[in-house]
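To start, the structure itself, in structure tokens.
Residue numbers (the numbering used here): 20 to 454.
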């Protein structure tokens, strides 16, 4: 496979620039005709937007190269699944020499519920789907902050997936070909570059904190302090990039590149209009979400109340209170609906309620009191509760922490403080009630 020098030279980007350039020429013809009184207001309006769209295309097509230039040596690479506003924000900070802040926003993104929608991608290709249970556990450990647990799992999944795809060699083997036609993730400045960094030899035991997922150091017990958001975030980012590489290989195999055909003028105009509309809508929505996340602040102590009568309808503490009430009333169906799950697959409430009933059958809640509320991230809060319950006839008192995650009515990321959001709980505390 012939390697292009830059990601911006990939066929997909080249075609977009060529299309815009062609539309620009047509636009000049329309203006020329308008000069002689031959006018079409619809065309004039569409082509008036071409200069700005052309600048935007040039900017977006060079963004992955700029991102890799700043961050590949730090363990981050651009890939199809990484949204442009996130890359753009990181690049702007790096251009101002604020690499630390840029790494923070990247790490926060890849260790939060903002990557939840990407989980769907791991159920498509068989090399990923057979490992989905491990990926799911790593994701839950990530949200719970158990970074020491999820890092080894992610490294094993990364290596195993690539081994299955290549049929003989894992991700960390130097001779594994990690390139693909017309792929951002599989460009020479992408997966191959970070593979070589992650595969660095680590011969001595190291007790200093590391910020790169050195595979040999971590899995061979030489790097002892790897449990931080930077290492975890880079593992997740790499896994998503590998998925993009695998999809590119599949696409190339099933639909090999074909000679380009020239679209008609009508098709070009239709596609241009569609591109302009979709791009503007996408950009507005993403910028709005990023701005809300950036401006979000956890509630202050004075804004929080432990009195149930003060709980707002769409607050995490109200949902935690309702959950405890459902447990008290043995309403296992409602608990099933309140439980957080990866993906948006429709559940069978009756079946899920049966599972919860069996889990809580010998744990009869007698009383509860919320003692602490902590807003951790825009979509995550922790509600601490003292509970009294009967365990096989013995009265137990325990402090539990309910980790609550919110989402919008459309299943996308929610932000604490918004109206009409739904809070769900991670059921980790169930398994800590037996002792």
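For each residue, glycine too, the CB sits at the ideal point set by N, CA and C.
Given residue i as reference, the closest of the options once Cα atoms are compared
{"i": "residue 97", "options": "256, 422, 229, 374", "result": "256"}
{"i": "residue 445", "options": "355, 99, 200, 95", "result": "355"}
{"i": "residue 219", "options": "118, 193, 265, 208", "result": "193"}
{"i": "residue 234", "options": "322, 86, 346, 189", "result": "189"}
{"i": "residue 263", "options": "160, 119, 199", "result": "199"}
{"i": "residue 359", "options": "436, 228, 442, 90", "result": "442"}
{"i": "residue 127", "options": "245, 167, 378, 105", "result": "105"}
{"i": "residue 259", "options": "378, 177, 323, 186", "result": "177"}
{"i": "residue 357", "options": "119, 25, 424", "result": "424"}
{"i": "residue 91", "options": "212, 81, 165", "result": "212"}
{"i": "residue 380", "options": "395, 391, 348, 393", "result": "348"}
{"i": "residue 314", "options": "161, 437, 114, 227", "result": "437"}
{"i": "residue 9", "options": "433, 390, 153", "result": "Because the chain is modelled from 20 through 454, residue 9 falls outside the range shown and cannot be assessed."}
{"i": "residue 392", "options": "378, 317, 345", "result": "317"}
{"i": "residue 163", "options": "449, 421, 237", "result": "421"}
{"i": "residue 448", "options": "394, 413, 378, 432", "result": "378"}
{"i": "residue 346", "options": "261, 336, 383, 182", "result": "383"}
{"i": "residue 344", "options": "237, 85, 407", "result": "407"}
Simplified DSSP assignment, three categories, for residue i
{"i": "residue 333", "result": "coil"}
{"i": "residue 455", "result": "Examination of residue 455 is not possible in this model, given that the chain is present from 20 through 454 alone."}
{"i": "residue 439", "result": "coil"}
{"i": "residue 386", "result": "strand"}
{"i": "residue 434", "result": "coil"}
{"i": "residue 190", "result": "coil"}
{"i": "residue 143", "result": "coil"}
{"i": "residue 349", "result": "coil"}
{"i": "residue 220", "result": "coil"}
{"i": "residue 202", "result": "coil"}
{"i": "residue 226", "result": "strand"}
{"i": "residue 400", "result": "strand"}
{"i": "residue 381", "result": "coil"}
{"i": "residue 360", "result": "coil"}
{"i": "residue 417", "result": "strand"}
{"i": "residue 453", "result": "coil"}
{"i": "residue 323", "result": "coil"}
{"i": "residue 426", "result": "strand"}
{"i": "residue 393", "result": "strand"}
{"i": "residue 175", "result": "helix"}
{"i": "residue 82", "result": "helix"}
{"i": "residue 410", "result": "strand"}
Straight-line gap, residue i to residue j (C-alpha atoms, nearest Å)
{"i": "residue 338", "j": "residue 254", "result": "32 Å"}
{"i": "residue 405", "j": "residue 373", "result": "25 Å"}
{"i": "residue 332", "j": "residue 341", "result": "10 Å"}
{"i": "residue 111", "j": "residue 411", "result": "59 Å"}
{"i": "residue 94", "j": "residue 409", "result": "49 Å"}
{"i": "residue 439", "j": "residue 134", "result": "21 Å"}
{"i": "residue 376", "j": "residue 101", "result": "40 Å"}
{"i": "residue 195", "j": "residue 184", "result": "10 Å"}
{"i": "residue 203", "j": "residue 419", "result": "44 Å"}
{"i": "residue 141", "j": "residue 172", "result": "15 Å"}
{"i": "residue 252", "j": "residue 169", "result": "11 Å"}
{"i": "residue 151", "j": "residue 240", "result": "26 Å"}
{"i": "residue 271", "j": "residue 174", "result": "26 Å"}
{"i": "residue 367", "j": "residue 350", "result": "15 Å"}
{"i": "residue 353", "j": "residue 328", "result": "21 Å"}
{"i": "residue 197", "j": "residue 87", "result": "16 Å"}
{"i": "residue 249", "j": "residue 326", "result": "37 Å"}
{"i": "residue 330", "j": "residue 388", "result": "13 Å"}
{"i": "residue 266", "j": "residue 208", "result": "18 Å"}
{"i": "residue 320", "j": "residue 397", "result": "17 Å"}
{"i": "residue 125", "j": "residue 231", "result": "13 Å"}
{"i": "residue 415", "j": "residue 402", "result": "20 Å"}
{"i": "residue 205", "j": "residue 132", "result": "25 Å"}
{"i": "residue 121", "j": "residue 385", "result": "48 Å"}
{"i": "residue 399", "j": "residue 323", "result": "16 Å"}
{"i": "residue 246", "j": "residue 217", "result": "15 Å"}
{"i": "residue 65", "j": "residue 303", "result": "At residue 65 the pLDDT is 47, less than 50, meaning the model places this residue with poor confidence; the figure from the coordinates comes in the next sentence. Rounded to whole angstroms, residue 65 to residue 303 spans 19 Å at the Cα level."}
{"i": "residue 156", "j": "residue 268", "result": "27 Å"}
{"i": "residue 426", "j": "residue 435", "result": "9 Å"}
{"i": "residue 452", "j": "residue 99", "result": "43 Å"}
{"i": "residue 89", "j": "residue 201", "result": "22 Å"}
{"i": "residue 21", "j": "residue 215", "result": "Interpretation of residue 21 is limited by its pLDDT of 41, a score under 50 that renders its predicted location unreliable; no figure is taken from the coordinates."}
{"i": "residue 80", "j": "residue 24", "result": "13 Å"}
{"i": "residue 242", "j": "residue 166", "result": "14 Å"}
{"i": "residue 186", "j": "residue 130", "result": "30 Å"}
Near the ligand NAP: residue i beta-carbon under 7 Å from a heavy atom
{"i": "residue 315", "result": "Absence of the ligand NAP from the depicted structure is noted, as is the absence of any ligand whatsoever, leaving it without description."}
Short CB-CB distance (under 8 Å) between residue i and chain B
{"i": "residue 125", "result": "Absent from the structure: chain B. Only one protein chain is present."}
Counting pairs of beta carbons, one from the region 308-321 and one from the region 367-387, are three or more of them closer than 8 Å? Look at the beta carbons and you see the region 308-321 not touching the region 367-387: under three pairs across the two are nearer than 8 Å.
Any chance you could list the alpha helix (DSSP H) runs of at least 4 consecutive residues sitting entirely within the region 85-140, in chain order? Whole alpha helix (DSSP H) segments, 4+ residues: 103-114, 118-128.
Counting Cβ pairs, one atom from each stretch, are 3 or more of them under 8 Å apart for the region 211-229 and the region 140-159? With a cut-off of 8 Å, the region 140-159 and the region 211-229 do not count as touching, because too few Cβ pairs lie within range.
Please give the ranges of any beta strand (DSSP E) in the region 230-278, keeping only runs that are unbroken, at least 3 residues long and fully inside the region. Here the runs fully enclosed are 242-244.
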